[in-house]
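This report concerns only the one structure given below.
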Amino acid sequence: MSYLEELNDSQRVAVENIHGATMVIAGAGSGKTRVLTYRIAHMIDQGIDPFNIMALTFTNKAAKEMTERISQIIGGGEAKNVTMGTFHSVFSRILRYNADRLGYPTNFTIYDTQDSKSLLKDIIKGFSLDDKAYKPSNVFGRISSAKNNLISPASYASNPEIQQEDKMSKRPELGRIYQAYATRCFNAGAMDFDDLLYQTNILLRDFPDVLSYYQQKFKYVLVDEYQDTNYAQYLIVKKIAAVYENICVVGDDAQSIYSFRGANIQNILNFKKDYPDFKLFKLEQNYRSTKNIVEAANGVIAKNKDQIKKTVWTENIEGEKINVIRTLTDNEEGKTIINKIFDKSRGEGRPYSDFAILYRTNRQSRSFEESLRKLNVPYKIYGGLSFYQRKEIKDLLAYFRLAANHNDEEALKRVINYPKRGIGKTTIENIIIAANQYNVSPWDIIADFGRFPVAINSGAKNKISEFVTMIKSFTAQIETMDAYTLGQEIAKSSGILKELHTDKDKGPEEVERYQNIEELLSGIKSFVENQGESESKALSEFMLDVALLTDADEDKGDDKNHVTLMTIHSSKGLEFPHVYLVGLEENLFPSQMALNTRSELEEERRLFYVAVTRAKTTCTLSYATSRFQWGNLISSEASRFISEIDEKFLNHESPARGQGRSLSTRGVDFERPFSGGLNKPFTSSSLKPINSIKSNSSSSTGSTDVHLKVGYNVEHDRFGKGKITHLVGLGADKKATIFFPRHGSKTVLLRFANLKVVDSE
DNA sequence: CCAGTACTTAGGTTG
DNA sequence: TAAGTACTGG
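Residue 772, in our numbering, is where the first sequence stops; the numbers in between run on with no holes.
Rendered as structure tokens:
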């Protein structure tokens, strides 16, 4: 029983109330995840079979951490039997299991947003529509919101209101596009992200036996971040919980920040209607932040009209005031913030992992990244282009996808002529047109030219046949050979490795691409090694979740001592001792697009609330009075959110004066706010980053002040041991060419290479 | 068919 | 600015 003593009173009652419908409204930092975790532990402790529990979290990483924590609390191996993960990952598995009911193959592909948009583009072009009026991203958004509201293509086309709307916006063909999109996805054996929820709803609606099975299986349902669920998610949960009504939702209306993807605060209000006997628990004590931070945030969120009344309070110390920094440009903002972090880290001996830079848009990361590199501060950017979305990675994955599912149209289009094998644009177009004519997949066309007549010359046909034979040979091994062996085989015989490995023009980008491929392969290798005896080591198994992985999920035990950079959206649920909230300018945050309606502005305000409440000890706000946008400088003024904070919590500060001398001003150039490319490389040896002092070796060359000479034997993380043959460049640009017996000659930037000296003579 | 070049145009957040 | 597209000449 001792674990219950680790909770406060309101947390404990919420945890102990394990039956019936329960809603927990939890203020920021009030121990929401803790309640969820302990509640599940308590349920298992009370004899509930973990197989009967389903917990839906916001990220897969959160699910993993919760599973680990539950294991710690109750011991034994039972925790891993709980079905836990994001809506998308949990239901993609359920969909695979029941795919045949819906006419999909078990190994259906999951289209990511890129795939979806590329397909839409193709459809729009095929309909000869103006791609200015029908921009793929707009069309995609429209279809996405239709699916999230469970509107089928047929009902979309027959709904007079929708038709009217589309006519008004001069896009009357949207219904037809939606229909074609759905057909093409189906023929390709592909589901997009929204389908994972949409099709789950179809499955539960049309197959009562399936519904009943999951109602019996998941007698207990828990949902985290309930304020950010959309209608499709709401209905899935409602249906599954309909028999036992053991449903627990946890959320905070003040932190609802995903209405753009259909999230609906209404779901919280509906809960009352759906489960009139529900019990409500409120968690209002904040354990995370200082009084200044909590009260400043409270003051701002109070300006929203739409909200459930609650009072978040804390017993923590008052703490420092919120610093407000104004700079002249976005570049100067980057330099100033990074210098602050650098100084604070060194001055107070804080690890870099204590620091986070949060911004409204991914694009803003750039100026910070530059300064971080100059000061040699370790950092990690989350979000933006994730590893799995990089071109070279998607290319190789497309081969895997195609091997697993021949009908995958987007994968086919990607690789049928990559690397170049002389299959031209017109040929590919003709294949697609024929596929649409016969209502089959492009693969059906090319796998057997006798079946469907198509206008392609015989030269191209031969090349295509070779391609088909190659893919088939991969498919033949996909279930039997282990993923790593086959992955390597595909990388090699597809020609991708060769393409990226050509000896000439090996710029840093080519090197990086090649390394990314190697990284993917080594990721597959560790997948194979970590699969248990009874689990499949096949490539098809590895592919199941790949489309659903994000940066936030990856947890590669690599050096965790880094500054974190991410959007406010991805920071939800996290906390950091020192938060730097940047780019607080009108039209950026709040976003210009959100200024039209009150509800949109209120969502921006909630976003601001989320951002501020990530901070435990200090929170710093910054804005620039001018900023580069598409190559030209635009001026900007401070965000209204700054003035919405009571002055008594603020401390205004300008970078150049005040606050004494910065340890690092000489490291980052302050005199040139309009970065003209004249910045001197950073070469001071006194400013070695803390992590390279602390971490593994004193001879690690994380910084550029090294004593490396031609002839030294060094060790590289990825390439192993090698001998330096050339050294060029100065300071941050210093490069070494190293001969690695196993990989040949490579040129690396010392700044990144993290070389270890093996012997120096 | 393909590579190199000129031109255009982005509006934001995620699984 | 930067990425993606359309065009041109081999």
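Ideal Cβ positions, reconstructed from N, Cα and C, are used throughout, including at glycine.
Can you say whether E224 is buried or exposed, counting buried as having 16 or more other CB atoms within 10 angstroms of its CB? It is worth fixing the name first, because residue 224 is Tyr in this sequence and not Glu. Under this definition Y224 is an exposed residue.
I'd like to know whether the C-beta atoms of A367 and R625 end up nearer to each other than 8 Å. yes
Could you pull out every unbroken alpha helix (DSSP H) segment of at least 4 residues lying fully inside the region 283 to 329, listed in chain order? 302 to 312
Determine the burial state of R431: buried for a count of at least 16 other Cβ atoms within 10 Å of its Cβ, exposed for fewer. Residue identity differs from the one stated: residue 431 is Lys in this sequence, not Arg. When all chains shown are included, K431 counts as exposed.
If you check the beta carbons only, do K72 and D564 fall under 8 Å apart? yes
Closest Cα partner of S637 within the set N447, Y237 and L339: L339
Integer-rounded CB distance, given that K230 should sit under 8 Å from N63: 4 Å
Of the listed residues S129, N159 and L208, nearest to Y145 (C-alpha basis): S129
Ignore the nearest five residues each way along the sequence and tell me which others in N170's own chain have a CB closer than 8 Å to its CB. I162
Can you tell me whether S547 is helix, strand or coil according to DSSP? coil
Determine the closest residue to M202 out of Q277, D126 and P219, with distance taken between C-alpha atoms. D126
DSSP three-state assignment for D220, whether helix, strand or coil: helix
On the criterion of 16 or more Cβ atoms from any shown chain inside 10 Å, does G498 qualify as buried, or is it exposed? buried
Expressed to the nearest angstrom, what Euclidean distance is found between the alpha-carbon atoms of A414 and L550? 10 Å
Taking Cβ to Cβ, would you say I427 is nearer than 8 Å to I444? no
Counterpart residues of R462 in DSSP-defined beta bridges: R462 pairs with nothing; no bridge assigned.
Note the first and the last residue of the continuous beta strand (DSSP E) segment covering I258. I258 to G262
Could you round the C-beta distance between S41 and N297 to whole angstroms and report it? I think they count as a contact, below 8 Å. 6 Å
Segments of 3+ residues assigned as beta strand (DSSP E) that fall wholly inside the region 105 to 178: 120 to 122
Could you pull the start and end residues of the beta strand (DSSP E) that L233 belongs to? Y231 to V234
Once DSSP output is grouped into helix, strand and coil, what is the label at K391? strand
Quick one, are the C-beta atoms of L291 and Y192 less than 8 Å apart? no
Residue of Q210, E614, Q175 and A39 minimising C-alpha distance to L106: Q210
CA-to-CA distance, P601 to E176, given in whole angstroms: 27 Å
In whole angstroms, what separates the C-alpha of Q318 from that of L408? 44 Å
Would you tell me roughly how many angstroms separate the C-alpha atoms of I735 and N724, rounded to the nearest one? 6 Å
Any contact between the region 477 to 491 and the region 367 to 387? By contact I mean 3 or more CB pairs, one from each, below 8 Å. no
Mind checking whether L67 and F98 have CB atoms under 8 Å apart? yes
Excluding five sequence neighbours on each side, which residues of the same chain lie with their C-beta closer than 8 Å to the C-beta of V679? Confidence at V679 is low in this model, with a pLDDT of 46, below 50, so the placement of that residue should be treated as unreliable; the coordinate-derived value is given next. Excluding positions up to five away in sequence, the list reads K346, I349, N350, S382, K385, L386 and F693.
Within the continuous alpha helix (DSSP H) that includes V590, where are the two ends? Segment F587 to L592 is the beta strand (DSSP E) holding V590; no alpha helix (DSSP H) there.
CB-CB under 8 Å to L612, same chain, minus the five flanking residues each way: which ones, in chain order? P601, A605 and L606
When DSSP labels each residue in this structure, what does K583 get in the three-state scheme? coil
Once the 5 residues before and after K548 are set aside, which same chain residues still bring their CB inside 7 Å of it? D493, A494, V539 and Q542
Could I get the ranges of all uninterrupted beta strand (DSSP E) runs contained in the region 333 to 418, with 3 residues as the minimum, in chain order? 333 to 338, 366 to 370 and 390 to 392
Give me, in chain order, the residues of the same chain whose beta-carbon lies closer than 6 Å to that of V260; leave out the 5 immediate sequence neighbours on both sides. M34, V234 and Y237
Compute the Euclidean distance between the alpha carbons of A168 and S155, then round it to the nearest angstrom. 15 Å
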